[in-house]
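Worksheet: the structure to be examined is printed underneath.
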Amino acid sequence: MPRTCPRLLVALPFVLLVAVTAGCADTAARSSEPQGHCPLPEERGPTPSPCVTFDWNQRLAENHAYRERTTITAEQKEAAAPRAEALAAALEEHADAGTTDDGLRAAAAGAVGVPPEGIEIRERGFGVPDRGVLVGGGEGRVCVNGTVDAADRVEVEVVGRTVEGTCLPGEGGH
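Numbering (my numbering), first residue to last: 1210 to 1383.
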């Protein structure tokens, strides 16, 4: 059995690594000078830029567009005012009694005038007060939303549906 030199076994991988690295190297010299600037979105040049530019506030607004509400008229708000008062009374009763979600859903549905399946309830997430509850429901584009916070304070508002079609704002996330 032939004896292999241990130095050769150690050196051979190193030599192969150097050869492969040298063969893959870019022969063009790197420049430390900047290649230009990225134009602002307001600047419109005759040729496209290799840079990706954006307005941060515009991107943020686009990212949160799902929470935007449709507009409703003053007449629609006025017509929903009695339902808002009824929801406020139902939420105050819930805050005092501490009913279950099903009980809250049924009470809110009766106040808003929709079936219980049309009531959205959220106990945590975006828009929910700490240790509180967020309730919403309505017909058409008009929603009556209410919150109960940890101190049992009740707030009710008449708003348009979100652009996604819900009464409560979207939670977001991935």
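Glycine included, every Cβ here is placed at the ideal spot set by N, Cα and C.
Tell me whether residue i sits in a helix, a strand or coil according to DSSP, three-state version.
{"i": "Glu1329", "result": "strand"}
{"i": "Gly1379", "result": "coil"}
{"i": "Pro1222", "result": "helix"}
{"i": "His1273", "result": "coil"}
{"i": "Thr1422", "result": "Beyond the ends of the chain as shown, which are 1210 and 1383, falls residue 1422; an answer cannot be given."}
{"i": "Gly1322", "result": "coil"}
{"i": "Pro1338", "result": "coil"}
I'd like to know whether the C-beta atoms of residue i and residue j end up nearer to each other than 9 Å.
{"i": "Arg1276", "j": "Thr1371", "result": "yes"}
{"i": "Asp1361", "j": "Glu1301", "result": "yes"}
{"i": "Cys1376", "j": "Val1353", "result": "yes"}
{"i": "Asp1339", "j": "Pro1325", "result": "no"}
{"i": "Ala1316", "j": "Ala1299", "result": "yes"}
{"i": "Lys1286", "j": "Val1351", "result": "yes"}
{"i": "Val1323", "j": "Ala1295", "result": "no"}
{"i": "Val1344", "j": "Arg1331", "result": "yes"}
In the DSSP assignment, what are the bridge partners of residue i?
{"i": "Arg1278", "result": "Thr1371"}
{"i": "Thr1356", "result": "Leu1343 and Glu1364"}
{"i": "Val1351", "result": "Glu1348 and Gly1369"}
State the Cα-Cα distance for the pair residue i and residue j, rounded to the nearest angstrom.
{"i": "Gly1327", "j": "Ala1318", "result": "7 Å"}
{"i": "Asn1272", "j": "Phe1223", "result": "51 Å"}
{"i": "Val1368", "j": "Ala1289", "result": "9 Å"}
{"i": "Ile1205", "j": "Thr1308", "result": "No answer is possible for residue 1205: it lies beyond the span of the chain, which begins at 1210 and ends at 1383."}
{"i": "Val1227", "j": "Ala1274", "result": "53 Å"}
{"i": "Thr1356", "j": "Asp1305", "result": "14 Å"}
{"i": "Glu1329", "j": "Trp1265", "result": "32 Å"}
{"i": "Gly1379", "j": "Val1363", "result": "21 Å"}
{"i": "Pro1216", "j": "Leu1225", "result": "Per the sequence shown, the amino acid found at residue 1216 is Arg instead of Pro. Distance between the alpha carbons of Arg1216 and Leu1225: 14 Å."}
{"i": "Arg1268", "j": "Ala1231", "result": "43 Å"}
Quick check: is the beta carbon of residue i nearer than 9 Å to any beta carbon in chain D?
{"i": "Pro1325", "result": "In the displayed structure, chain D is absent; only one protein chain is listed."}
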